[in-house]
Amino acid sequence: MSLFLVLTFLFFVGSVAGWVLELFYRRFFSRNNPERKWINPGFLTGPYLPLYGFSLVILFSLSHINVSFIKQPVLQKIVLFAVMALFITLFEYIAGLIFIKKMNIALWDYSKCWGNIQGIICPQYTFYWWFLSGIYYFLIHPRILNWLYWFTNHISFSFVVGFFYGIICIDFCYSLQIMTKIRKYAKENQVVIRLENLKNHIHSERIQRKEKSRFLFILHNDKEMVEETLKQYIKKIKDFNHLI
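Here's what the structure looks like:
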């Protein structure tokens, strides 16, 4: 089986499954969503999160690590899952730091969590990655090759995966233009925009204006509306920082 095909399939599955996981987590458990709204996670428009796609590729790559120097089988698995969780946490930190430093945008915010580093990573979410690593190792990894054989024997599903990559490339270019506009206002005002909070703010503003709220295209609007919303949100951030 071609390694390229394996990684392509894993990235597709991870991106879509991760989006579903984040969608429900942010709706029912996120501290940054006290009103329990449905929020489209990530900076892309469509139903996929590349961070989870890359994370699944990392899990697949690390699942072959030899930990036979540890004699106890249970301890072997605990250490293996810890290594997986640490690698994904490192990847998460690098990705989050790039967006904060280069775009002045925080895609997620762990600043309220104990032991967090710059609001990007924290022990709580590293533990979640450890737990998900175990689920992957026992429930997903043994079935990957069977899924791939099924995938290669069904041309219609191959088309779906190809269509996914075409859409995500277009979506990335489209969403990057919006992020560039947000970055401009953030840099001018020397603030970091927390994307989830911004989406919440836009949602509330549209309710006040008695406009229909959007789910997938919540950041899409005419230029004047974007500028007005960003100015209000940045003023809100500055007022809050001044109070503390």
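Read left to right, the sequence shown gives residues 12 to 255 (our numbering). Glycine included, each C-beta is placed from N, C-alpha and C at the ideal position. Keep in mind that this is a model prediction, so the values were computed, not measured.
Report task. With DSSP collapsed to three states, give me the class of residue 220. Result -> Three-state DSSP puts residue 220 in coil, outside helix and strand.
Query - For residue 125, the nearest candidate out of 119, 39, 48, 136 (CA to CA) - result: If we check each option's Cα against that of residue 125, 136 comes out closest.
Query raised in the report: Which stretch, first to last residue, makes up the alpha helix (DSSP H) that contains residue 157?
Result: First-last of the alpha helix (DSSP H) with residue 157: 155-163.
Requested in this report: Could you check which residue in 25, 150, 116, 85 has the C-alpha nearest to that of residue 195?
Outcome: Ranking 25, 150, 116, 85 by CA distance to the CA of residue 195 puts 116 first.
Requested in this report: Reducing DSSP to helix, strand and coil, say where residue 205 ends up.
Outcome: Assignment of residue 205 by DSSP, reduced to helix, strand and coil, places it in the strand class.
Report task. Please classify residue 116: does DSSP put it in a helix, a strand, or coil? Result -> Residue 116 falls in the strand class under three-state DSSP.
Query raised in the report: Beta carbon of residue 26, beta carbon of residue 70: below 8 Å?
Result: Their beta carbons are not under 8 Å apart, which means residue 26 does not touch residue 70 by this criterion.
Query raised in the report: Going by C-alpha distance, which of 13, 214, 21 is nearest residue 176?
Result: Taking only the C-alpha atoms, the option nearest residue 176 is 21.
Requested in this report: Locate the alpha helix (DSSP H) running through residue 13, then write down its first and last residues.
Outcome: That residue, residue 13, is in no alpha helix (DSSP H); it is neither H nor E in DSSP.
Query - Counted within 10 angstroms of its Cβ, other Cβ atoms place residue 210 as buried (16 or more) or exposed - result: Looking at its Cβ environment, which holds 16 or more other Cβ atoms inside 10 Å, residue 210 is buried.
Query raised in the report: Would you call the segment 94-108 and the segment 179-192 touching, i.e. three or more CB-CB distances under 8 Å?
Result: No, they do not touch.
Query raised in the report: Which same chain residues, not among the five before or five after residue 234, have their C-beta less than 6 Å away from its C-beta?
Result: With a pLDDT of 49 at residue 234, under the threshold of 50, the modelled position of this residue cannot be trusted, and the question is left open.
Query raised in the report: Are residue 52 and residue 33 close, meaning C-beta to C-beta below 8 Å?
Result: Taking C-beta atoms as the reference points, residue 52 and residue 33 count as a pair closer than 8 Å.
Query raised in the report: Between the C-alpha atoms of residue 212 and residue 201, what's the straight-line distance to the nearest angstrom?
Result: When rounded, the distance between both Cα atoms is 19 Å.
Query raised in the report: Using the C-alpha atoms, what's the distance from residue 162 back to residue 19?
Result: Cα atoms of residue 19 and residue 162: separation of roughly 11 Å, rounded to the nearest angstrom.
Query raised in the report: Apart from the five residues just before and just after residue 38, which ones in its own chain have a Cβ nearer than 8 Å to its Cβ?
Result: Once the five neighbours on either side are set aside, the close Cβ partners of residue 38 are 44, 47, 48, 49, 50.
Query raised in the report: How about residue 54 and residue 143: do their beta carbons lie closer than 8 Å?
Result: With respect to the 8 Å criterion, residue 54 and residue 143 are not classified as neighbours on the basis of their beta carbons.
**Report entry** residue 159 beta carbon less than 8 Å from that of residue 16
**Finding:** Residue 16 places its beta carbon less than 8 Å from that of residue 159.
Query raised in the report: Using the rule of at least 16 other Cβ atoms within 10 Å of the residue's Cβ for burial, across every protein chain shown, is residue 138 buried or exposed?
Result: When all chains shown are included, residue 138 counts as exposed.
Query raised in the report: What are the boundary residues of the alpha helix (DSSP H) that residue 199 is part of?
Result: It spans 166-199 - the alpha helix (DSSP H) in which residue 199 sits, taken as one unbroken run.
Query raised in the report: What are the start and end residues of the alpha helix (DSSP H) that includes residue 69?
Result: Residues 61-73.
Requested in this report: Compare the beta carbon distance of residue 261 and residue 96 with 8 Å and say whether it is the shorter of the two.
Outcome: Given a span of 12 to 255 for the chain in the structure shown, any question on residue 261 remains unanswerable.
Query raised in the report: With 16 as the cutoff for other CB atoms within 10 Å, does residue 173 come out buried or exposed?
Result: Answer is exposed; the Cβ neighbour count stays below 16.
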